[in-house]
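Student: For the record, in the sequence shown the residue sitting at position 198 is 229 according to the numbering used here, with numbers rising by one throughout.
Built from N, CA and C at the ideal position, the CB exists for glycine as well.
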Amino acid sequence: MAAAATTARANANLALVKYWGKRDPALNLPATGSISLTLDGLAVEASIAFGAGEADRFEIDGEPARGDEAARLGRFLDVVRETTGRRERAFVSTRATVPRGIGLASSAAAFAALALAGSRAAGMELDPTALSVLARRGSGSAARSVFGGFVEWRRGERADGRDSFAEPLAAPDHWDVRVVVAVTSTAPKAVSSRDGMARASTSPFYPAWIAGVEADLAEARAAIRARDLAALGLVAERSALAMHAIGLAARPPLLYWVGATVDCLRRVWELRTGGTPAFATIDAGPQVKVLCAPADAGLVADALRTVPGVARVLTCVPGRGAEVVA
Ligand code: PMV
């Protein structure tokens, strides 16, 4: 008989100092540390019930998962079984609270929620560090979504990855900032972050990137502590642009941007020239995310909405870490 399902919710996170490159692709061990802000509202709820039949079954947003997605969920479930000692098959379902088809569905939120739901469904209460290590195995950035607010994921040195986990730097209420997201394309991602990171090592800029991240991390930590928006914004923008520059020089080249991505970036720079402290960051896709003060979020959203090609604009506040909801 199937056990009752355990359900957990986790929010997406926005990297301010990016994770871009792995020292071990199988274990998702990063080449560098990274720092993020967990965002309220961009959440995924995951339910897991063990003992639910002869084979694992997966559902995403109410539809059976297929192909690569099902395989990835299956591999993660194997890691949950390995971590917890449970052996039965399971029924797994995930549901994103973000509107579908706007390119913001987040594997970080999904795997953080799955790690929490899976370990609890297996009867295990992992401490936050062990939970972060488990979430990392699903998707590197999921290690950070275990926690709310500002979070640092340590690179770690060990080959087994036990020292590569995230830790909170500051709670969500430490600093009230806004992230305004401009959705510039709803097309599915052409190159996954996994493939993009693998390609990064072919870029002559990659060694320079690795060499610069420690300084960015130190600056970001200090800026978060001091609640210095300009300092944090500049380091976040620089980190994102350097990450994308690696791709431009990779072989073959990799460019996640569309035209509207560039136009949004220019609009943010115009806002800054006009005296509004707003700072852009871009992940493995064409959307532009803008860090700003709460009082400026309306102005920033209006400015981005008028950029041709922007399909939608949403504004996020700092969010909480992963939690069990049922
Ligand atoms: O965790 P992944 O494999 O989805 O990679 C995340 C990569 C970026 O979002 C571009 C950067 C980051 O640190 O989140």
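Suppose you measure from the CA of I79 to the CA of E90; what does that come to, to the nearest Å?
Tutor: 10 Å
Student: Which residues in the same chain as A332 place their Cβ atom closer than 7 Å to its Cβ, once the five residues preceding and following it in sequence are excluded?
Tutor: V211, V344 and T346
Student: Beta-carbon within less than 7 Å of G264's beta-carbon, same chain only, minus the 5 sequence neighbours each way: which residues are those?
Tutor: P308, F310 and L322
Student: May I ask you to check if the CB of A315 is nearer than 6 Å to at least one heavy atom of ligand 1?
Tutor: yes
Student: Compute the minimum distance between the beta carbon of A36 and the heavy atoms of ligand 1, and state whether it is under 6 Å.
Tutor: Within 6 Å of the C-beta of A36 there is not a single heavy atom belonging to ligand 1.
Student: Taking 6 Å as the cut-off, does the CB of Y50 come closer than this to any heavy atom belonging to ligand 1?
Tutor: Yes - ligand 1 has a heavy atom lying nearer than 6 Å to the Cβ of Y50.
Student: In angstroms, rounded to a whole number, what distance separates the CA positions of R230 and T304?
Tutor: 35 Å
Student: Which residues mark the beginning and the end of the alpha helix (DSSP H) in which T114 is found?
Tutor: G98 to T115
Student: So, using beta-carbon positions, are A281 and T215 closer together than 7 Å?
Tutor: no
Student: Tell whether a beta-carbon distance below 7 Å holds between A121 and T38.
Tutor: no
Student: Counting only C-beta atoms, is R167 closer than 7 Å to chain C at any point?
Tutor: Included in the structure is just one protein chain, with no chain C present.
Student: Going straight from the alpha carbon of D99 to that of F178, what length do you get?
Tutor: One Cα belongs to D99, the other to F178, and the distance between them is close to 27 Å.
Student: Does the Cβ of R117 have 16 or more other Cβ atoms within 10 Å, making it buried, or fewer, making it exposed?
Tutor: That one is buried.
Student: If you draw a straight line from the C-alpha of E85 to the C-alpha of A161, how long is it?
Tutor: 29 Å
Student: Using 7 Å as the threshold, is the C-beta distance between M228 and K49 below it?
Tutor: no
Student: Hey, which unbroken runs of the alpha helix (DSSP H) at 4 residues or more fall wholly within the stretch 304–335?
Tutor: none
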